[in-house]
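Novice: Structure incoming, see below.
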Amino acid sequence: MDEYQERYKKEREEQLSLWKEMTEEIFGELPNDSIKITDRNRIVEVLNAVGKSKASNHTFMPSGGGLDITSARFSDEIGKLELDFGGSYIIVYPESLTFHPVGDDPDWWYFRLNTMPFERSGVYEEFEKEEEQVEQVFKSTIEQSVEEQMKYSGEEVLEIEAGQYVDRGFWDIQHIGHDENGEPIPLPENARIVTRKFNGGAFVTFSKYSIYNQVSSTYDGRHAKVNDEKFHQYIVEIVEGLKASK
Numbered sequence: 000m001d002e003y004q005e006r007y008k009k010e011r012e013e014q015l016s017l018w019k020e021m022t023e024e025i026f027g028e029l030p031n032d033s034i035k036i037t038d039r040n041r042i043v044e045v046l047n048a049v050g051k052s053k054a055s056n057h058t059f060m061p062s063g064g065g066l067d068i069t070s071a072r073f074s075d076e077i078g079k080l081e082l083d084f085g086g087s088y089i090i091v092y093p094e095s096l097t098f099h100p101v102g103d104d105p106d107w108w109y110f111r112l113n114t115m116p117f118e119r120s121g122v123y124e125e126f127e128k129e130e131e132q133v134e135q136v137f138k139s140t141i142e143q144s145v146e147e148q149m150k151y152s153g154e155e156v157l158e159i160e161a162g163q164y165v166d167r168g169f170w171d172i173q174h175i176g177h178d179e180n181g182e183p184i185p186l187p188e189n190a191r192i193v194t195r196k197f198n199g200g201a202f203v204t205f206s207k208y209s210i211y212n213q214v215s216s217t218y219d220g221r222h223a224k225v226n227d228e229k230f231h232q233y234i235v236e237i238v239e240g241l242k243a244s245k
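In this text, residue positions in the sequence shown follow numbering that gives the first Met the number 0: the first is 0, and each later residue adds one.
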C-alpha cells in the first residue's frame, strides 16, 4: 500500500467515525432502526447538523449527480426549504427526512429527503402537451435542451428579490433590461441563481467517504427511481452480500 492509499485509509476511518458521532449527536443515541421526520423545523435542524458537521457528506440528486450539502433554511416561499450546496441553492417542498442506519457500519448509514412537486414560478413559458408537439419543431436546440433539463432538474431562475424571479439569462448579461434613457438596469447586489425543484424527487446523503459514494454508477439517480422502502432494501441487500462474501 503506497503513501496515498495509507493516507486515504486513515482519512476514511476517521470520517466514518465522525459520521457515527454526528448521528449520535443528532439523535441523542445510536438508532437501531430507521427514523422518519416530518416536522419541517426538525428537518432543517438535522440537515444543518449534517451540513455543518466535521463529518464530510455527499448528497445524491434526484436527477443524478451529487453535491455536498452545507446548510438548510426555510425558503421565502411558504412551506418550502432552501438547501445550500456550497453556494448552489435548491428550493424544495419537503415531505419527510428519514435516517436509515443499515447494518453496524456507518459506511452504509444514510439520510433520505423526500420532496413533493409544487407550482412552477411562471418565469418560463409552458405549453400544453399538444402545443408542445407543434412548437417543438420551431424551438432552437438550446431551448429544447433547457426544457428537457427542467423536466428532471427543476427550473433555474434568477432571484432579484426574496421570492421574486426572472429568467436566469439576465445573470449572463448582468442587467435586467434598460431604463427610459436606454441605459442597462444593473442587477441588485443580492441577485443570485436558484434552482426550484418543482418536480419533486428524493435526495440521499451518505458519508463522503462511503463506499456508495466511491462507485461512479450510483450517480445515475437510482435512489430516486424507486421509493424509500425499495431503495432501503437495495442497500440492505448490498450490506448482507458484503457480509456473506467475507
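Ideal placement from N, C-alpha and C gives every residue a C-beta, glycine not left out.
Does F126 pass the burial test, meaning 16 or more other C-beta atoms within 10 Å, or should it be called exposed?
Specialist: Note that F126 scores a pLDDT of 42, beneath 50, so its modelled location is shaky; the value from the coordinates is reported in the next line. That one is exposed.
Novice: Buried or exposed, going by whether 16 or more other CB atoms sit within 10 Å of the CB of Q4?
Specialist: By the 10 Å Cβ count, Q4 comes out exposed.
Novice: Rank Y123, G153 and R195 by C-alpha distance to the C-alpha of D166 and give the top, closest one.
Specialist: Ranking Y123, G153 and R195 by Cα distance to D166 puts Y123 first.
Novice: Beta strand (DSSP E) containing N56: first to last residue?
Specialist: Counting along the chain, the beta strand (DSSP E) containing N56 begins and ends at N56 to F59.
Novice: Hey, would you say P61 sits closer than 8 Å to F202, going by beta carbons?
Specialist: Yes, Cβ-Cβ distance for P61 and F202 is below 8 Å.
Novice: Would Y208 pass as a contact of L15 if the rule is Cβ separation under 8 Å?
Specialist: For Y208 and L15, yes; Cβs fall inside 8 Å.
Novice: Report the option in R6, N56 and G64 whose CA atom is closest to the CA atom of T217.
Specialist: The shortest Cα separation from T217 among R6, N56 and G64 belongs to G64.
Novice: Could you check what DSSP says for R119 in three-state terms: helix, strand or coil?
Specialist: Coil at R119, not helix or strand.
Novice: Starting from G200, trace the beta strand (DSSP E) in both directions and tell me its first and last residue.
Specialist: Per DSSP, G200 belongs to the beta strand (DSSP E) from G200 to S206.
Novice: Going by DSSP, what residue range makes up the alpha helix (DSSP H) through Y7?
Specialist: Its alpha helix (DSSP H) spans residues E2 to F26.
Novice: Count the CB pairs spanning the segment 18 to 35 and the segment 184 to 197 that are closer than 8 Å, and state whether there are at least three.
Specialist: Too few Cβ pairs lie closer than 8 Å, so no.
Novice: From the DSSP output, which residues share a beta bridge with P93?
Specialist: Bridge partners of P93: T114.
Novice: Compare the Cα-Cα distances from T93 to each of F73, F26 and E12 and report the closest residue.
Specialist: Contrary to the premise, residue 93 reads as Pro rather than Thr in this sequence. Selected option, being the one with the closest Cα: F73.
Novice: For G50, would you say it is in contact with chain B, using Cβ-to-Cβ distances shorter than 8 Å as the test?
Specialist: Of the chains in the structure shown, none is chain B; there is only one protein chain.
Novice: Can you give me the C-alpha to C-alpha distance between L80 and L112, rounded to a whole angstrom?
Specialist: Spanning the two alpha carbons is a distance of roughly 11 Å.
Novice: Got a sec? Which residues, its chain only, sit under 7 Å from E118 by beta carbon, not counting five neighbours each side?
Specialist: Contacts found: F197.
Novice: Tell me the DSSP secondary structure of V156 in three-state form.
Specialist: Strand, per DSSP.
Novice: Could you tell me which residues DSSP puts in a beta bridge with E81?
Specialist: In the DSSP output, where bridge partners are listed per residue, E81 has R72 and I90.
Novice: Rounded to the nearest angstrom, how far is the Cβ of I89 from that of T194, given a contact under 8 Å?
Specialist: I89 to T194, Cβ: 5 Å. Contact.
Novice: Could you tell me how far apart the beta carbons of V49 and I68 are, in whole angstroms, since I believe they sit closer than 8 Å?
Specialist: Going by Cβ atoms, the distance from V49 to I68 rounds to 6 Å, so yes, they are a contact pair.
Novice: If you count every other CB in all the chains shown that lies within 10 Å of the CB of A161, and 16 or more means buried, which is it?
Specialist: Exposed, because fewer than 16 other Cβ atoms sit within 10 Å of the Cβ of A161.
Novice: Around the Cβ of H174, are there at least 16 other Cβ atoms within 10 angstroms (buried) or fewer (exposed)?
Specialist: H174 is exposed by the Cβ-count criterion.
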